[in-house]
Every structure is written in C-alpha cells, then in structure tokens.
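Residue numbers (our numbering): 13 to 86.
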C-alpha cells in the first residue's frame, strides 16, 4: 500500500482516505482522486494532500482507520 505521509506536519497514527480534485497540468481538466494519507487528524491529512498537490481543490475526508499496533509503532 502506498500512502502519503509527512512527519514534519503530523505523526502517522491513522489512515485517512481523502478525496480531492487534482490538476496535474494547467492545460488539463481536474481529476477526482481518492488518496490514502497517514496522519493524526483529518485536518492534518488535508494539509498533507495540499502540500503534495498544491493545485488540489474540494478536499473531503471520506474515512479514517486506526493503524494496527505493529504499524503504528514503526
């Protein structure tokens, strides 16, 4: 599984699914993406998506899952 993570913003304690409209190139239309993000809070998950995709819009947290104890300690 690949997930976005930025420990400088928040520790990776939960797995969030964040929906965002992402523009990869100014000449392209926006594409709706569902991204997996490791963060502590929903607000932090959205900040990580915004940092990774600066032109992203319409962020929405779809779900949150706790990490298994063996992954959270790693």
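The beta carbon of each residue, even a glycine, is placed where N, CA and C say it ideally should be.
Span of the alpha helix (DSSP H) around residue i
i: residue 58; result: 54–64
The beta strand (DSSP E) enclosing residue i, as first and last residue numbers
i: residue 22; result: Note, residue 22: premise wrong, no beta strand (DSSP E); not H, not E.
i: residue 73; result: 69–78
Alpha carbon of residue i to alpha carbon of residue j, nearest angstrom
i: residue 14; j: residue 34; result: 18 Å
i: residue 16; j: residue 79; result: 14 Å
i: residue 40; j: residue 66; result: 15 Å
i: residue 37; j: residue 68; result: 11 Å
i: residue 26; j: residue 44; result: 22 Å
Whether residue i touches residue j by CB criterion (8 Å)
i: residue 24; j: residue 51; result: yes
i: residue 30; j: residue 71; result: yes
i: residue 20; j: residue 61; result: no
Where residue i falls: helix, strand or coil (DSSP)
i: residue 85; result: Confidence in residue 85 is poor, its pLDDT being 48 and thus under 50, which makes the residue's placement unreliable; the coordinate value appears in the next sentence. The answer is coil: DSSP assigns residue 85 none of H, G, I, E or B.
i: residue 51; result: strand
i: residue 16; result: strand
DSSP beta-bridge partners of residue i
i: residue 31; result: 46 and 72
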